[in-house]
Structures are given as C-alpha cells and as structure tokens.
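Just so you know, we're using this note's numbering here: the sequence shown kicks off at 820 and counts up by one. All remarks here apply to the structure that follows.
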Amino acid sequence: MAVRQCVPAILLAILGGCAGAKMSPLDETPRFPGTVVADEPQAARVGREVLAAGGTAGDAVAAMGLALAVTRPDAAGLGAGGVCVLVDQARKQTLAVTFLPAPGIQGAGPVPAVAPPALAAGMAALHASQGKLRWARIVAPAEAMAEFGEPLSRGTAQALAAGAAIIRADPEARRIFAPDGSNPAGEGAVIQQPQLAALLREIRLEGAAALQRGPLARRFVAAVRAVGGALGDEDVAVFWPKLADTLTIRAGNNDIHLAPAEGGAGGFQALLASLLLRGDRFVDARADERPHLLADAEQRARAAGLAAGIQREQVDRLLANYRPNGRTAPAPPNPALEASGVAFLAVDGDGSAAACGVSLGRPFGLARVAPGTGVFPALALSAGETRTALSPVLVVNRATRVFFMAAAGMGAGAPAILTAMAVEAAEGGRALERLLAVPRLAVGGEGGEILVETGTPAGIAGSLAARGYAVRDGGILAGVQVVACADGLPRSPETCAARADPRGHGIALSAAGPATRRR
C-alpha cells in the first residue's frame, strides 16, 4: 500500500496552530446536523457542540480527543498516541492519521521507555486535514474542563477506582484524583486540574508543536525523567504524525478501510477480513459455524503475522485445511487480548467522517503523573508490539459513500470484533442493533483458548467446545462505538444511526438532538 509522505515543514505549520477557514453562513435548507459517539459522555458533548457550531467531523473528533485528555486520564491523556481513519467527502479521500511513535526509544534497566506526548499533535494533524474552525476553538473546551472541572462520568469513576493502587502510590496522582488523600473521587465529583489547564492553554496559544520543541517540551521531558521515565529531548523533537493511505480491503462494491499496520491492529484486521470475505465464507456460514469460523480465522491471521501485501494465494493457502466442523488452525503465538484505550468518532452534515482510537499502552501509562503537567506519560512501543485499542474501521460504498464506521477502546478482542462487524456491514448483513447484540468472543491464551461473553447462549459455547476449543467465560468483551448509514452519506442522512455500546458507558449524540444513550 502506498504511503503519503508528509513534508515536515507542512506538519510544523499544522502543529503550530494555524488559523482555519472562517465558517460559512448557515444554509437555509435543512441538512443532516451530524453525530458523534464516544466512550466518555463529557467528551461527546464537546464534539456535539463543535458540530453545532459549524465544525466538520475532523473538528469534532479533534476537540473530543483533547477533551478525553481531561476526562479519561487513565487512557487518553496528552501523553497518549493513536490512529484515526477518515473520509473527506470534498476531496473524495480516505486517509489515516497515525500519531504513534515508532519503536526505538530505549529504557535503561528498570527505567521504562516513555513515548513522546503525541495526542495533541495527532489531533492538530487531523484538524489541519479536515477542519474548518480555528484551532483555539478546538482546544478551548478541554482547557475549560480542566480549569473549572466537570462531574466525573460513571466510566471514568470506574477507571479511577480500578487504578486506585496506582493513584495512591503517586503523590501527584493522589493530589489530583484522590482529594481525600486515599480513595479516588467517585461518580459526579468535580475535579479541577489547573496544571493540565495551563498546559492546554499553551497548546491553544502556541499550537501543538509547543509540546514537541521549545520551553514546554523541555519542561515535559524533565518532568518525565523526574518520575523515572526514559525520554530524551531529541525523541520528542523528531516526532511527527503521519498521513498515510488506509489499508483497504475490497468487499464487492464496498471498501473496508483500516489503519496502517505500524503499532496498531490494522495489519491483522486486513488479513482477518480477507479470510472472512474469501468465498463469502462468513456471511454464508450457518449460525452454529460462525463462531468457529471467526475463531479459526483469527487464529490463522495471528499465527501468520502481519503481511505487507495480502494476495489471494496467501489467503487460499491459509484456509486450505479449514474444516466447518472442527478446529484445524494453529494456536496463535501472541494473543494480544487486552485493549487499553478509548474510542471516539464523528460524521458531519457533508458526509465526512473520522474514527479514532488512542492509548497510553496500559491503564495510566507510566503509572506516575509527570510533575507540573497533570499528565500520565505513555509507555513507548516495544518492537513488534500491537496496541489492540488502535483498530478503527470505516466501510465506504463506492457509489453511496460512507455507510459504516466503528471503533473500540477498552476490552478484550477489539480488532477481531470490529473486523467481523465491518465484514457483515460490507456484505449486507445484520442491522445495527443486531450487530451490537451478537454475543462476542476473543481468542486468548497461548493454547488458543476462546473467551465468550458472560450470558452467551450455551449452544454457542457448546458448538465451540465440540469443535475442539477450550472455552471459558471472559466477562464483558470489547465495547464498540458505531455509526451506520444504511444508504450512505451524504446522499441519505435519514438512514443514519449512531450507537454507543450498551456494554460500556459511552454516549451517542446528534448535533441537533438528545442523547441516544447515557449511563
């Protein structure tokens, strides 16, 4: 797949916070207002307000990403990296924005390697590619949320409670997130983060490049070193987001667009989608065979590793000994079960769309707040590492354009679950509500053990066991945020629906209407 190389001078202008074009007057004709979905409700509200102000999907997603740096510090702080896939209807382009530093930063013995802070740079690159509003308008909501505080959502409160030991062990984290000195703040509590607000203020005024070079960048590096992280000034200065072609898999008249393979799950997803699509196996499979086919194909894709270019001969070779009634796939060497991140996506009235996943590498990243910043630094990528939260998908019909996109943050099995949903959408499968309700499974364990969701019908687990799999209850698997437009955008906005997965605490919001879900 060809990669568009980004000229550093151009990206420097992007990250420097150049002003966007002015908003055009509102059209008198009723139009689709757009919609947003996010793992965290306060960030989704920010995205909705940006769309309502005349912003694009790129504007909304950039603002949500920065808001999540405030509202989900465990998974999406300013230290996080990630990937986005986007469709620009005006240019008829589909691109990926990757802001996940390549492996290469080295720790020293017990000193862990820390990644350059990438989230603001990634959101600035996305905003420059597809945005309309001024950069200051994109950053301001996150800055205000950090300065004045917002009530903690249920999902954030649960994440803080799960990381209580980390918060108690770090003086900076305890001061911010455990005001009583021991227990993390609970749902509805208002937490002010003045140091993070000050950092966001500099990003608003100076642009995202302030975190890559200059006084703020040097202060950040020094703060990371003060809490035992390995990060150099040069590591930060040389980091640049990348604009690249998506990995694209054809499915009839539709294209499945995935993020590039570097650091994210796109390479695995591309191979898995090819296996499921070959000969219409997945959509034509009997109900009792589908879980087996998905598990079998996932094991084959993981065992094969990432492919530079997927050829039909390779797919046929990998499927040569597949049997509908019994497991024949090799056990995968690296199950890569746990996803640790957040997902957020938006579509606008012109039919442009963007879906993102971001991650700190593990909950709370380095597990220490860099003093004076309010930021949990992210762990650097190790060689060959795949961050499974970084697995957004877009499905675009070549005639009617965007009609399905999804992303997943927390939970096991995200890449395969999203891929199966995209394949079903591309092949005219189940309706949106049914896609979200289908019991999920994940391949895990060195022996290819299969995790099934709590409450999965006994017949599904039984059919897998009968085919030779070791099956166990995996609790709640990956939560998926979805937008589906049955007849495409921008042609038929009335067919669009957005859903936050009922397994989590996210929310879907229309720019012109109330929430479809909030918990």
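We put the beta carbon where it would ideally sit given N, CA and C, even for glycine. Remember, predicted model here, so these are calculated numbers, not experimental data.
In chain order, Ala-1029, Leu-1030, Asp-1052, Val-1055, Ala-1056 place their CB closer than 8 Å to the CB of Ala-1036, counting only its own chain and leaving out the 5 sequence neighbours on each side. Under the 10 Å beta carbon count, Ser-1178 is surrounded by 16 or more other beta carbons and is classified as buried. Rounded to the nearest whole angstrom, the CA to CA distance from Val-1009 to Ala-976 is 11 Å. In the DSSP assignment, Ile-995 falls within the unbroken alpha helix (DSSP H) covering 990-996.
In the structure shown, Leu-952 adopts coil according to DSSP, grouped into three states.
With 16 or more other CB atoms across the displayed protein chains lying within 10 angstroms of its CB, Val-1134 is buried. If you draw a straight line from the Cα of Phe-1058 to the Cα of Leu-1091, it is about 31 Å long. The beta-carbon distance between Ala-961 and Val-1161, rounded to whole angstroms, is 14 Å. This is too long to meet the 8 Å contact definition. In this structure, Ala-978 is the residue among Gln-1012, Val-855, Ala-978, Ala-1305 with its C-alpha nearest to the C-alpha of Arg-1181. If you check the CB distance, Ala-1330 and Leu-870 come in under 7 Å. Rounded to the nearest angstrom, the gap between the Cα atoms of Gly-968 and Gln-1300 is 25 Å. Restricting attention to Gly-982, Gly-1007, Arg-1038, the CA atom closest to the CA of Glu-1021 is found in Arg-1038. Just so you know, the alpha carbons of Val-1188 and Gly-873 end up roughly 36 Å apart.
Under the three-state reduction of DSSP output, Pro-1034 falls in the helix class. The C-alpha of Arg-1286 lies about 14 Å from the C-alpha of Arg-1105. When the five nearest sequence neighbours on each side are left out, the beta carbons in the same chain lying within less than 7 Å of the beta carbon of Pro-1234 are those of Ala-1084, Phe-1087, Gln-1088, Thr-1207, Ser-1210, in order along the chain.
Residue Gln-1014 holds the alpha-carbon nearest to the alpha-carbon of Phe-1195 among Ala-915, Gln-1014, Thr-875, Val-856.
Nearest neighbour of Gly-901 by Cα position, chosen from Phe-1163, Thr-1192, Ala-1070, turns out to be Phe-1163. By the neighbour-count criterion, in which 16 or more other beta carbons inside 10 Å mark a residue as buried, Lys-911 falls on the exposed side.
In the DSSP assignment, Val-1055 falls within the alpha helix (DSSP H) that extends over 1052-1056. Residue pairing of Gln-912 in beta bridges, as defined by DSSP: Asp-907. Here Gly-877 is actually not in contact with Gly-974; their C-beta atoms are around 25 Å apart, not less than 8 Å. Within its own chain, the residues whose Cβ lies closer than 6 Å to the Cβ of Leu-1050, once the five positions on either side in sequence are excluded, are Val-933, Val-1040, Val-1043, listed in chain order.
Taking the Cα of Leu-887 as reference, the smallest distance to any Cα among Leu-1251, Cys-1175, Asp-999, Leu-1138 is reached at Cys-1175. By a beta-carbon distance limit of 8 Å, Val-1221 does not contact Val-1212. Their separation comes to about 12 Å. Secondary structure of Thr-1314 (DSSP, three-state): helix. Counting of Cβ neighbours within 10 angstroms places Val-930 among the exposed residues, the total staying below 16.
Rounded to whole angstroms, the gap between the alpha carbons of Leu-1254 and Arg-1310 is 23 Å. Sixteen is the threshold: when 16 or more other Cβ atoms of the shown chains lie within 10 Å of the Cβ of Asn-1073, as they do, the residue is buried. Distances from the alpha-carbon of Pro-1060 to those of Arg-1100, Phe-1223, Ala-899, Leu-1296 put Ala-899 closest. Secondary structure of Val-1102 (DSSP, three-state): helix. Taken through DSSP and simplified to helix, strand or coil, Pro-860 comes out as helix. The three-state reading of DSSP puts Leu-1200 in coil, since its state is none of H, G, I, E or B. The Cβ-Cβ distance between Val-1302 and Ala-1319 does not fall below 7 Å. Ranked by Cα distance from Ala-1239, the options Ala-909, Ser-1093, Met-1229 are led by Ser-1093. Excluding sequence positions up to five before and after Ala-909, its CB lies within less than 8 Å of the CB of Asp-1169, Ser-1171, all in the same chain and listed in chain order.
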